[in-house]
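Each residue of the sequence shown is one higher than the one before, starting from 1 at the first, in full-length UniProt numbering. Here is the structure we will look at, set down as C-alpha cells.
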Amino acid sequence: MKKLIIIFTILMSIVPTFAFDLENNTEFENCVSIRAPAVSVTDEGYVGAAVDIDVKVSDGEGHAYMDTLPLTDIDMQGSARIASKVAFDICGIDQESHDVYYIIRSDVPTVGGPSAGAVLTVATIAAINNWTLNKNVMMTGMIGPDGTIGPVGGIIEKINVGAEQNVDYFLIPYGQQYQIDENNNSVDCIEYGQNLGIKVVEVSNIYDVVYYFTNHDISTDYKKNPIIDGKYNEIMEKLSEVTLENAKKSLEETEKLDLSKLNSSEKEEFEEDLKTASNLVYLGNELHSNEKYYTATSRSFNSLIIFETLQSKYNYKDNESIKNYLLDVNESISEKKDALSNVTLTKNNIEYVFSAKSRVYEASELMDEAFYQYDEGNLSSAIEYAAYAKLRAETGIWWLELAPEEENPEKIDEKDLKYLAREYLDNSEIVVVYTSTVLSEELASYPMSQIDDSIDLYNKKEYLLSMSKSIDAYVYSTMFLEYTTDVDYLSNLAQKKINKAENCMLNTENNSEYIPVSALSYFEYAENLDDKYSKILYFKYSIAYAQMNMDVLKEFDSSAFNYNEESAFCEISKNSDNSNFGFDYKTCFINITYLITGLLSGFLIGMWYRKNN
1 MKKLIIIFTI LMSIVPTFAF DLENNTEFEN CVSIRAPAVS VTDEGYVGAA VDIDVKVSDG
61 EGHAYMDTLP LTDIDMQGSA RIASKVAFDI CGIDQESHDV YYIIRSDVPT VGGPSAGAVL
121 TVATIAAINN WTLNKNVMMT GMIGPDGTIG PVGGIIEKIN VGAEQNVDYF LIPYGQQYQI
181 DENNNSVDCI EYGQNLGIKV VEVSNIYDVV YYFTNHDIST DYKKNPIIDG KYNEIMEKLS
241 EVTLENAKKS LEETEKLDLS KLNSSEKEEF EEDLKTASNL VYLGNELHSN EKYYTATSRS
301 FNSLIIFETL QSKYNYKDNE SIKNYLLDVN ESISEKKDAL SNVTLTKNNI EYVFSAKSRV
361 YEASELMDEA FYQYDEGNLS SAIEYAAYAK LRAETGIWWL ELAPEEENPE KIDEKDLKYL
421 AREYLDNSEI VVVYTSTVLS EELASYPMSQ IDDSIDLYNK KEYLLSMSKS IDAYVYSTMF
481 LEYTTDVDYL SNLAQKKINK AENCMLNTEN NSEYIPVSAL SYFEYAENLD DKYSKILYFK
541 YSIAYAQMNM DVLKEFDSSA FNYNEESAFC EISKNSDNSN FGFDYKTCFI NITYLITGLL
601 SGFLIGMWYR KNN
C-alpha cells in the first residue's frame, strides 16, 4: 500500500503539471493540410492532378519557407509569399514574429502558375487560427496582395480533380464561369460541375473563401479617423484652389490670343479644344464647391494641359522654336528633380515627397517621348507631350508644398526601404509574368514596361519610385484580368485599408500626423467615376497605396499598427452548423489528462479506504 501511495503522489505532481504546462505553453505552432487541384502535361494533353499541401505557422522572424517535390516553378514561391502576407494582414497578426512553412507534394510534375495562391492563403489563415479545414471543398484561384481572387487557367481539368476527390464544393474566380474547352467550345463550369455532382461557386475575395473552407466569417472593421479626414480635406482644398486658380488664369490668357493668325482648320481645332478646356474649368469649379477636391483638381489639371498645349502650338511654329521649348521644359524638370533630391524624408512628409517624386519622374518620361516625336518629325505630338510634362512636373512641386511644417521631424533613410521595394517588385513581377501569358501583347506591354522601370529605379536606389512602378504594374495587369471584379468589394476594401492606415499609432502622438493622401485621393476619384473599368482601376490604386502606407510605416516602426480596442474591431464568427469541421485536439488531450488523473485518484483512495475497513 505504501508503494501505491508513493506512485499516487508522483502522478499527482507530474500529470497535472504537464497538463497545465501544455495548456499554458506560449510557444506557437499550428499545422493544417489541404489538397489543391493542378494541371499536369501528359501525352494525351493537359489533365488534372491533385497536390497535397501542408502549412505550418510557428513563432519566428517573418520568413516563408517552401519545400516542394517535384520542384515547382518560381511563381509558386512568389504566390506563397503573397499568401503569407495577405493571411497575416487579414488576421491582424504581426507577420514579422512568425515563420510559415509550405510543404507541397504531388505524384506528377504540374504546370507552373499562381493558381494555388488562394489555397495557400486560406490554409495559412486556418493555421494561424488553429482551425480545421473542410475537406469537402476545393478551389483554384490566384491571390492578389489586396485579397482579391484572380483568374487562372485549366479550370475544367481542375473541376475534374474535384470530382475524383469527391468534394461537394469547387470554388473558382469570379467571372470565370464560362471556359473554352479543347474543342474550342464554350463550357458553363457551374453546369459542368452539376453533371459531376459538384457545386461550382464563383468567389471574388479571400473572405468568401475562408467561409467555405472553415465555416468562419472574418470581419475586420476600423473606425474612420475624423481628424485625419478633416486634415485631408483641408490639404486637398488648398491643392484644388491652386489648380483651379491657375486654370482660370490660363483660360483668360488663351481666350485673348489672336486667332486670325491661324488657318481655318487650325482655328477650328483651337476653338474646339478651348471649349473642352473651358468645360473642364467649369466642372472643376462645381466639384470644388461640392467639396470633391481631388476630383476637382484632376479636372482643372486636365484643362491646364489643354491650355498649355494650345498656347505652345500658337507660339511655336518652326522646328527651332519647338526644340527650344522642349529644351526649356526639360531643363525646368531637371531643376525640380535636383530640388527633390535635397528634401529630407520624415515620417510625416514621406507621402508628399513620394507624390512629388512620382509626378516629376513621370514628367521626365514624357519628355523622352516628346524628344522622340520631335526627332520623328511629329512636331504637334512633341508639343503635346512637352506641355503635359511641364504641367505634371509643376504639380509635383505643388504636392511637395502641401507637406506639413515640422518642429522636430523624425528623419528616415530611404535606404531602409530597400527590402520592401524588392518585395513589391518581386510580387508584382510574378503577377505580370503570369498575366502576360493570358493577355494580348498590346495589353501586357504597359505592365511589363513598368516592371522594367521598377527594376531600373531599384538599381538606382530610388526605392519609393520603384515601389510606385511596381504598384502600377500590378494594378494594370490585374485590372485587365479582373474586369468582372465585384466593384462593391473593392470599394469596401479600400475604405477598410484607408481607415486602418488613418488609425496608425503615429496619429495618436503629439505634433505628429500621417495622412494617407494618395489612397484617399484615389478613393474619392473612383467614387466620382461612372465607368466601371475606371472605378476598378482607381479603387485598386487606393487599396495598393493604403497598403504601401502601412508597409512603409512598419519598416520604421514595428508598433505603428498596434491598435487599441477603440480604433479596431475584428470579429470572427462561427456558423452554428459546423458538423463538417474538426475539433481542438489540444484541448481534448488536456481534458483527457485531467480525467485520467481524477480516475487514478479515485481508484487509489478507494483502495486505501477498503484496506482500512
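Heads up, the beta-carbon is just placed ideally off N, CA and C, and yes, glycines get one too. Predicted, not measured: the structure shown is a model, and the values here were computed from it.
*residue 202, enclosing beta strand (DSSP E) - first and last residue*: Here residue 202 corresponds to residue number 202 of the sequence shown, with the count starting at 1. It spans 199 to 203 - the beta strand (DSSP E) in which residue 202 sits, taken as one unbroken run.
*Spatially closest choice to residue 430 from 106, 94 and 114, by CA coordinates*: Here residue 430 refers to the residue found at position 430 of the sequence shown. Ranking 106, 94 and 114 by Cα distance to residue 430 puts 114 first.
*asked:* Please report the straight-line C-alpha distance between residue 439 and residue 152, rounded to a whole angstrom.
replied: Counting from 1 along the sequence shown, the entry for residue 439 is found at position 439. Counting from 1 along the sequence shown, the entry for residue 152 is found at position 152. Cα to Cα, residue 439 sits roughly 12 Å from residue 152.
_Cα-Cα separation, residue 258 to residue 149_ = Residue numbering aside, residue 258 sits at position 258 when the sequence shown is read from its first letter. Residue numbering aside, residue 149 sits at position 149 when the sequence shown is read from its first letter. Going by the C-alpha atoms only, they are around 57 Å apart.
*asked:* If contact is defined by three or more beta carbon pairs under 8 Å, each pair taking one atom from either stretch, is the region 512 to 521 in contact with the region 537 to 551?
replied: Flag = yes, the region 537 to 551 and the region 512 to 521 touch.
*Assuming residue 308 contacts residue 393 (C-beta within less than 8 Å), just tell me the rounded distance between them.*
One-based indexing of the sequence shown puts residue 308 at position 308. One-based indexing of the sequence shown puts residue 393 at position 393. About 12 Å separates the beta carbons of residue 308 and residue 393, which is beyond the 8 Å limit, so they are not a contact pair.
_CB-CB length for residue 345 against residue 414, believed under 8 Å_ = On the sequence shown, residue 345 is found 345 positions in, with the first residue counted as 1. On the sequence shown, residue 414 is found 414 positions in, with the first residue counted as 1. Indeed they touch by this definition, with Cβ atoms about 6 Å apart.
*Nearest to residue 37 by CA position, among 53, 134, 29 and 31, is which residue?*
Residue mapping note: residue 37 aligns to position 37 of the sequence shown, counting from 1. It is 53 whose Cα lies nearest to the Cα of residue 37.
*asked:* Nearest by alpha-carbon distance to residue 407: which of 442, 347 and 311 is it?
replied: As a working note, residue 407 is residue 407 in the sequence shown. Nearest in C-alpha terms to residue 407, of all of 442, 347 and 311, is 347.
*Compare the C-alpha of residue 234 against each of 315, 293, 213 and 451 and name the closest.*
As a first step, residue 234 is located in the sequence shown; it is residue number 234 there, counting from the start. The candidate whose alpha carbon is nearest that of residue 234 is 293.
*Nonlocal neighbours in the same chain, by C-beta distance under 8 Å from residue 576, ignoring five residues either side*: Indexing the sequence shown from 1 puts residue 576 at position 576. Since pLDDT at residue 576 reaches only 36, below the 50 mark, its modelled position is unreliable, and no value is offered.
*Considering only the beta carbon of each residue, do residue 161 and residue 49 sit closer than 9 Å?*
Sequence index remark: in the sequence shown, residue 161 carries index 161 (1-based). Sequence index remark: in the sequence shown, residue 49 carries index 49 (1-based). Cβ distance < 9 Å, so residue 161 and residue 49 count as in contact.
*Which residues DSSP lists as bridging residue 346, in chain order*: Taking the sequence shown and counting its residues from 1, one reaches residue 346 at position 346. Among the bridge pairs identified by DSSP, residue 346 is matched with 411.
_DSSP state of residue 177 mapped onto helix, strand, coil_ = In the sequence shown, residue 177 corresponds to position 177, counting from 1. Coil, per DSSP.
*Should residue 282 be labelled buried (16 or more other beta-carbon atoms within 10 Å of its own) or exposed?*
Taking the first residue of the sequence shown as position 1, residue 282 is located at position 282. Around the C-beta of residue 282, fewer than 16 other C-beta atoms lie within 10 Å, and the residue is accordingly described as exposed.
*Can you round the beta-carbon distance between residue 416 and residue 555 to whole angstroms, since I take them to be within the 8 Å contact cut?*
Counted from its first residue, the sequence shown places residue 416 at position 416. Counted from its first residue, the sequence shown places residue 555 at position 555. That pair is a contact at about 6 Å.
*Would DSSP call residue 305 helix, strand or coil?*
Locating residue 305 in the sequence shown gives position 305, counting from the first residue. Three-state result, residue 305: helix.
*Limits of the alpha helix (DSSP H) - the one that residue 189 falls within*: Position 189 of the sequence shown, counted from the start, is the residue given in the question as residue 189. First-last of the alpha helix (DSSP H) with residue 189: 189 to 195.
_What does the alpha-carbon distance come out to for the pair residue 188 and residue 331?_
As a first step, residue 188 is located in the sequence shown; it is residue number 188 there, counting from the start. As a first step, residue 331 is located in the sequence shown; it is residue number 331 there, counting from the start. Residue 188 and residue 331: Cα-Cα distance of roughly 58 Å.
_Candidates 277, 444 and 497, of which the one nearest residue 255 by Cα_ = As a first step, residue 255 is located in the sequence shown; it is residue number 255 there, counting from the start. It is 277.
*Tell me residue 58's beta-bridge partners as DSSP assigns them.*
The residue labelled residue 58 in the question sits at position 58 within the sequence shown. Beta-bridge pairing links residue 58 to 29 and 99.
*Whose C-beta lies closer than 6 Å to the C-beta of residue 352 among residues of the same chain, with five residues either side of it excluded?*
As a position in the sequence shown, residue 352 is number 352, starting the count at 1. Taken in chain order, the residues that qualify are 399, 400, 402 and 403.
*Rounded to whole angstroms, what's the CA-CA distance from residue 450 to residue 166? Just pull it up for me.*
Locating residue 450 in the sequence shown gives position 450, where the first residue counts as 1. Locating residue 166 in the sequence shown gives position 166, where the first residue counts as 1. Going from the Cα of residue 450 to the Cα of residue 166 covers about 44 Å.
*Would you report the Cα separation of residue 455 and residue 260, rounded to the nearest angstrom?*
Translated into the one-based positions of the sequence shown, residue 455 becomes position 455. Translated into the one-based positions of the sequence shown, residue 260 becomes position 260. For residue 455 and residue 260, the distance between alpha carbons rounds to 50 Å.
*With a CB to CB cut of under 8 Å and the five nearest residues on each side skipped, what residues in its chain are close to residue 486?*
For the purposes of this step, residue 486 is taken as the residue at position 486 of the sequence shown. Here the set comprises 174, 204 and 205.
_Measuring straight from C-alpha to C-alpha, what distance separates residue 527 and residue 535?_
If you number the sequence shown from 1, residue 527 lands on position 527. If you number the sequence shown from 1, residue 535 lands on position 535. Going by the C-alpha atoms only, they are around 7 Å apart.
_Short of 7 Å in beta carbon distance, which residues of its chain neighbour residue 470, apart from the five on each side in sequence? Order them along the chain._
Here residue 470 is taken as the residue at index 470 of the sequence shown, counted from 1. Apart from the 5 residues on each side of it in sequence, residue 470 sits with its Cβ closer than 7 Å to the Cβ of 424, 425, 428 and 454 in its chain, given in chain order.
*Taking residue 191 and residue 172 to be in contact with their CB atoms under 8 Å, please state how far apart those CB atoms are, rounded to whole angstroms.*
Taking the first residue of the sequence shown as 1, we reach residue 191 at position 191. Taking the first residue of the sequence shown as 1, we reach residue 172 at position 172. Incorrect: roughly 13 Å between the Cβ atoms, too far for contact.
*Looking only at DSSP bridge pairs, what is residue 40 linked to?*
Against the sequence shown, residue 40 aligns to sequence position 40. For residue 40, which the question treats as bridged, DSSP gives the partners 47.
*The beta strand (DSSP E) with residue 65 in it runs from where to where?*
For the purposes of this step, residue 65 is taken as the residue at position 65 of the sequence shown. First-last of the beta strand (DSSP E) with residue 65: 64 to 69.
*With 16 as the cutoff for other CB atoms within 10 Å, does residue 79 come out buried or exposed?*
Here residue 79 corresponds to residue number 79 of the sequence shown, with the count starting at 1. Classification of residue 79: buried, given that the 10 Å Cβ count is 16 or more.
*How far does the beta strand (DSSP E) with residue 137 in it reach, from first residue to last?*
Taking the first residue of the sequence shown as 1, we reach residue 137 at position 137. Residue 137: member of the beta strand (DSSP E) spanning 137 to 139, first to last residue.
*Leaving out the 5 sequence neighbours to the left and right, which residues in its chain are closer than 7 Å to residue 157 when beta-carbon positions are compared?*
Sequence index remark: in the sequence shown, residue 157 carries index 157 (1-based). Closer than 7 Å at Cβ, skipping near neighbours: 39, 46, 47 and 48.
*Measure the C-alpha to C-alpha separation of residue 340 and residue 538 and round it to an integer number of angstroms.*
Position 340 of the sequence shown, counted from the start, is the residue given in the question as residue 340. Position 538 of the sequence shown, counted from the start, is the residue given in the question as residue 538. Just so you know, the alpha carbons of residue 340 and residue 538 end up roughly 26 Å apart.
*Using 10 angstroms around the beta-carbon of residue 360, count the other beta-carbons present and answer buried if the total reaches 16, otherwise exposed.*
Taking the first residue of the sequence shown as 1, we reach residue 360 at position 360. Under a 10 Å Cβ-count criterion, residue 360 is classified as buried, with 16 or more other Cβ atoms of the shown protein chains found around its own Cβ.
*Of all the options 176, 76 and 210, which has the alpha carbon lying nearest to the alpha carbon of residue 51?*
Position 51 of the sequence shown, counted from the first residue, corresponds to residue 51. When each option's Cα is compared against that of residue 51, the closest is 76.
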